[in-house]
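Peer 1: Can you read through this structure? Questions will come right after.
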Amino acid sequence: MRLTVVGSSDAFNSAGRSHSSYLVEGDGVGPILVDLGGTGLAALRRLGRSPLEVEALLLTHLHGDHVGGFAFLAIDAMFNEVRRRPLDIVGPRLTEERLDAVLRTAYGAIADRERPFVTTIRELAPEEVLNVSGVRVEAFAADHMDPPDLPLCLRLSANGQTLAFSGDTQVCGGLYAAAEGADLLVAECTALAPPAGRHCTWEDWRCLLDPGFERPIGAKRVLLTHLGRDVRERTEALLSEARALAGAPPLGFADDGLVVEVAS
Ligand SMILES: [Zn+2]
C-alpha cells in the first residue's frame, strides 16, 4: 500500500497545513480517502488528484476537521466533476446522519436532490470488521468524544501489509490494539504537552516510542500527524529525541503531500 498525506494539520490549519486527510492505494486497493477535513478537497487538488479517483471514504470520527470536506466532495460530484461510480463510505456510528447534516448546513435543499451516483454508507462499531475497496478494516474504540459518538482507531490490512490510523484520541486501549504489529501507524500528535484536550501529545509519544517504557506502542514504524504549531516548529529536535531512544521504531512527521510506501 502507498500512503499519501493529503492534509496533516490539527483542527486549526496550524502552520498553513490542511485538515486531516490521507489517500491509501495499492494493488487492488482504493484509492481510499481516510478522513476529509474541511480543507481536504483543496488539498487533494493541490496534489493533482481528483475526487473522481476515490472509491471509498473511511472516517475515524465526525468532527469537522475530519469530515467537513464532505459537503464540497458531494457538490463537486454533483455539479463539477460529475461522479457516476458509486462511493462507499464507512465511518463510526451516526455517520449517515452527520454527513447529511454537514451537506444540509452548507447547501440546504441540495441535500435532497437526486445524486448522479450511489452512496453506500456503512457504520462501524468498535471491534467490528468489514471489507471496503480491497482492504480489511478493523475498528477499535478511540478516546476522543462521548457517546452517542463512538470515535474509532482504524487498522487497514491488504496485500500482507497493515496500516493503522489513530484518528484523534488520547492514549487508550484502542490505540494500542490498532497499532499492534502494524507496518505503519499514522498517529496524531496535536501538541508538545498537555493540556491538549482528548488528544495525544509529544509527551505521550516520547514514552510510547521508548521500548523501555512500561507499555510501548507495538507499531513497526510511526508517522505523527495532526500537528499543532508547537510540534511542527520542533520536528527536527523531536526526531533527535526519538533517535536517542535505543530500539525505538522509526519515526517521521507528516506533511501535506508526503508519500510513504508501506513495507511489511
Ligand atoms: Zn482532529
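Heads up: the sequence shown is residues 3 to 266, going by my numbering. No residue lacks a Cβ here, since even glycine has one placed at the ideal position from N, Cα and C.
Are the CB atoms of P94 and L64 nearer to each other than 9 Å?
Peer 2: Yes, the pair counts as a contact, with Cβ atoms nearer than the cut-off.
Peer 1: Determine the closest residue to T121 out of V262, T107 and L89, with distance taken between C-alpha atoms.
Peer 2: Answer by Cα proximity: L89.
Peer 1: Would V78 and L43 be called neighbours here (beta carbons separated by less than 9 Å)?
Peer 2: It is Asp, not Val, that sits at residue 78 in the sequence shown. Yes, the Cβ-Cβ distance between D78 and L43 is below 9 Å.
Peer 1: Classify G70 as buried or exposed, calling it buried when 16 or more other Cβ atoms lie within 10 Å of its own Cβ.
Peer 2: It counts as buried.
Peer 1: State yes or no: is the C-beta of A180 within less than 9 Å of the C-beta of R200?
Peer 2: In this structure, R200 does not lie closer than 9 Å to A180 by Cβ.
Peer 1: Quick one, are the C-beta atoms of T227 and L154 less than 9 Å apart?
Peer 2: No, they are not a contact pair.
Peer 1: Using 8 Å as the cut-off, classify the Cβ of S22 as near or not near the heavy atoms of ligand 1, replying yes or no.
Peer 2: Yes; taking the cut-off as 8 Å, the Cβ of S22 has a heavy atom of ligand 1 nearer than that.
Peer 1: Decide if F167 is buried, meaning its Cβ has at least 16 other Cβ atoms within 10 Å, or exposed.
Peer 2: It is buried - the Cβ of F167 has at least 16 other Cβ atoms within 10 Å.
Peer 1: Going by CA-CA distance only, name the one from P218, G214 and A193 that's closest to E235.
Peer 2: Considering only alpha carbons, the answer is A193.
Peer 1: Tell me the start and end of each unbroken beta strand (DSSP E) in the segment 179-264 that is at least 3 residues and wholly inside, in chain order.
Peer 2: Within the segment 179-264, the complete beta strand (DSSP E) runs of at least 3 residues are 186-190, 224-227, 253-255 and 261-263.
Peer 1: Measuring only from the beta carbon, is A144 closer than 8 Å to any heavy atom that is part of ligand 1?
Peer 2: The answer is no for A144.
Peer 1: By DSSP's criteria, E27 is part of a beta bridge. Which residues make up the other side?
Peer 2: The partner list for E27 (beta bridge, DSSP) reads R4.
Peer 1: Give the single residue among G50, L132, L187 and D212 whose Cα lies nearest to the Cα of V8.
Peer 2: Ranking G50, L132, L187 and D212 by Cα distance to V8 puts G50 first.
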